[in-house]
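A.B. asks: Have a look at this one.
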Amino acid sequence: MDDVDALIKRVLRDQETESELGRVRAYRRCIRYAEDELYADHICNLFLLRAAERLGQPPVAVPVVLNRVPLAENAKVTFYYDDDEGPVLVGNREGLDYLGSICSELADSPLPGENVVLDEGYAPFLGESYGLTVYYEDEEWFAALEAGDQEELGEWESEILGRIVRSEDIVAVQLSAPMPSVVALSPQKLYRVSNVAPFDSATDVALKPFRHETDQVRVFSLLDDDGKPLRLAVDLDDPEVNYYYAWHLEQFMSEG
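Using my numbering, count along the sequence shown one by one with no gaps and you end on 259.
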């Protein structure tokens, strides 16, 4: 734990954290550092959680275990419910070995609540298969389960779900650098977002250049400085763009 706190201190050594805006930017720096340097390290999500607690930000998580366990090319698994047998999990050698490796890596996590989400419709699942979510929890959680402590279990579920931050929940954006003159947006100004949509290169939008890949690009509907509707496409990893959620705006209003 001390090593993680020391790392957070080093990452934030020249970052202003007195204001809410500074803390938001500081946590985005921590997220970028985690994604670049700790994406396959077991301390990654502990680092992100401790940084979030220090900065008063909702924590996010990186799929560390999936980054550590490569999916075997021939891995095949199906997970379904049978009226007679109940839940049934079937896999070939590579598929079961993959699930076993995931569980083994998850067991080495230093963070209770660490989890792996395997979505239906994606490898290794085949056929009419459910997806599967696997959690690591400590003895305290199982003690609450055995005692039937629904309040504590409810708090646990809320905490875990709170680590999931989705791009569609973004309610405002802010640019730290000027856009081309044809786009009427000003640096440092907060723009309310009315809609978030996937990016389609065939769609007519104002695109802020960042990199060639577009998997992290989203299209935000907002009003420009002239009050005209604008669809702005930006990369979620662009450090020149700040993204805000509802709780950020509530914090700004309470500070004002």
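Quick reminder that beta carbons are idealized off the backbone N, C-alpha and C, glycines included.
What you are looking at is a predicted structure, and each value in this text was computed from that prediction instead of being measured.
Using 8 Å for Cβ pairs, my map puts LEU225 next to ARG195. What's the rounded Cβ distance?
C.D. replies: In the sequence shown, residue 225 corresponds to position 222, counting from 1. In the sequence shown, residue 195 corresponds to position 192, counting from 1. Going by Cβ atoms, the distance from LEU225 to ARG195 rounds to 6 Å, so yes, they are a contact pair.
A.B. asks: My output table needs one value for GLY54: the three-state DSSP class, helix, strand or coil.
C.D. replies: Sequence index remark: in the sequence shown, residue 54 carries index 51 (1-based). Going by the sequence as given, residue 54 is Ala instead of Gly. Looking at ALA54 - three-state DSSP - the assignment turns out to be helix.
A.B. asks: Taking 8 Å as the cut-off, does the stretch 97-112 touch the stretch 134-142 (at least 3 CB pairs, one atom from each stretch)?
C.D. replies: yes
A.B. asks: Over what stretch of residues does the beta strand (DSSP E) that includes SER224 continue unbroken?
C.D. replies: Counting from 1 along the sequence shown, the entry for residue 224 is found at position 221. SER224 -> beta strand (DSSP E) spans 220-226.
A.B. asks: Give, in chain order, every unbroken run of the alpha helix (DSSP H) that is at least 4 residues long and sits entirely within the stretch 111-167.
C.D. replies: 142-150, 153-165
A.B. asks: For a test of the three-state rule: what should DSSP assign to ARG234, helix, strand or coil?
C.D. replies: For the purposes of this step, residue 234 is identified with residue 231 of the sequence shown, where counting begins at 1. The answer is strand: DSSP assigns ARG234 an E or B state.
A.B. asks: Have a look at ARG31, GLN60, TYR36 and flag the residue whose alpha-carbon is nearest the alpha-carbon of ALA249.
C.D. replies: Position 246 of the sequence shown, counted from the start, is the residue given in the question as residue 249. It is GLN60 whose Cα lies nearest to the Cα of ALA249.
A.B. asks: When we look at the beta-carbon of SER132 and count the other beta-carbons within 10 Å, is it buried (16 or more) or exposed?
C.D. replies: Position 129 of the sequence shown, counted from the first residue, corresponds to residue 132. Buried, by the Cβ-count rule.
A.B. asks: Figure out for me which residue from GLU21, ASP87, ASP86, LYS79 has the closest Cα to the Cα of GLY94.
C.D. replies: Sequence index remark: in the sequence shown, residue 94 carries index 91 (1-based). Looking at the Cα atoms, LYS79 is the closest of the given residues.
A.B. asks: Closer than 7 Å by C-beta to LEU52: which residues in its own chain qualify, once you throw out the five before and the five after it? Chain order, please.
C.D. replies: The count along the sequence shown starts at 1 and reaches residue 52 at position 49. Once the five neighbours on either side are set aside, the close Cβ partners of LEU52 are PRO62, LEU114.
A.B. asks: With a 10 Å radius around its C-beta and 16 neighbouring C-beta atoms as the bar for buried, classify GLU258 as buried or exposed.
C.D. replies: Position 255 of the sequence shown, counting from 1, holds the residue named residue 258. Only weak support exists for where GLU258 lies, its pLDDT of 49 falling under 50; the coordinates are left without a value.
A.B. asks: According to DSSP, is LEU239 helix, strand or coil?
C.D. replies: Translated into the one-based positions of the sequence shown, residue 239 becomes position 236. Residue state for LEU239 is assigned as coil, using DSSP reduced to three classes.
A.B. asks: Look at the Cβ atom of VAL199, then the Cβ atom of SER179, and state whether they are nearer than 9 Å.
C.D. replies: Residue 199 sits at position 196 when you count from the first residue of the sequence shown. Residue 179 sits at position 176 when you count from the first residue of the sequence shown. Their beta carbons are not under 9 Å apart, which means VAL199 does not touch SER179 by this criterion.
A.B. asks: Could you give the distance in angstroms between the alpha-carbon of PHE128 and the alpha-carbon of VAL119?
C.D. replies: One-based indexing of the sequence shown puts residue 128 at position 125. One-based indexing of the sequence shown puts residue 119 at position 116. Each residue's alpha carbon lies about 14 Å from the other.
A.B. asks: Is it the case that the Cβ atoms of PRO201 and ARG221 are separated by a distance below 9 Å?
C.D. replies: Along the sequence shown, read from residue 1 onward, the residue named residue 201 stands at position 198. Along the sequence shown, read from residue 1 onward, the residue named residue 221 stands at position 218. Cβ distance < 9 Å, so PRO201 and ARG221 count as in contact.
A.B. asks: Quick one: what's got a C-beta closer than 7 Å to GLU123's C-beta in the same chain, skipping five residues either side?
C.D. replies: Looking up residue 123 in the sequence shown gives position 120. If we look at GLU123 and ignore the five residues flanking it on each side, its Cβ neighbours are SER132, TYR133, GLY134.
A.B. asks: Quick check on the DSSP output: the alpha helix (DSSP H) that includes ARG195 runs from which residue to which?
C.D. replies: Here residue 195 is taken as the residue at index 192 of the sequence shown, counted from 1. That residue, ARG195, is in no alpha helix (DSSP H); its beta strand (DSSP E) goes 193-195.
A.B. asks: Flag this pair as yes or no: are the beta carbons of LEU15 and ARG32 separated by less than 9 Å?
C.D. replies: Within the sequence shown, numbered from 1, the residue matching residue 15 stands at position 12. Within the sequence shown, numbered from 1, the residue matching residue 32 stands at position 29. In contact: LEU15 and ARG32 (Cβ atoms closer than 9 Å).
A.B. asks: Using DSSP's beta-bridge definition, name the partner residues of PHE82.
C.D. replies: Taking the first residue of the sequence shown as position 1, residue 82 is located at position 79. Partner(s): LEU92.
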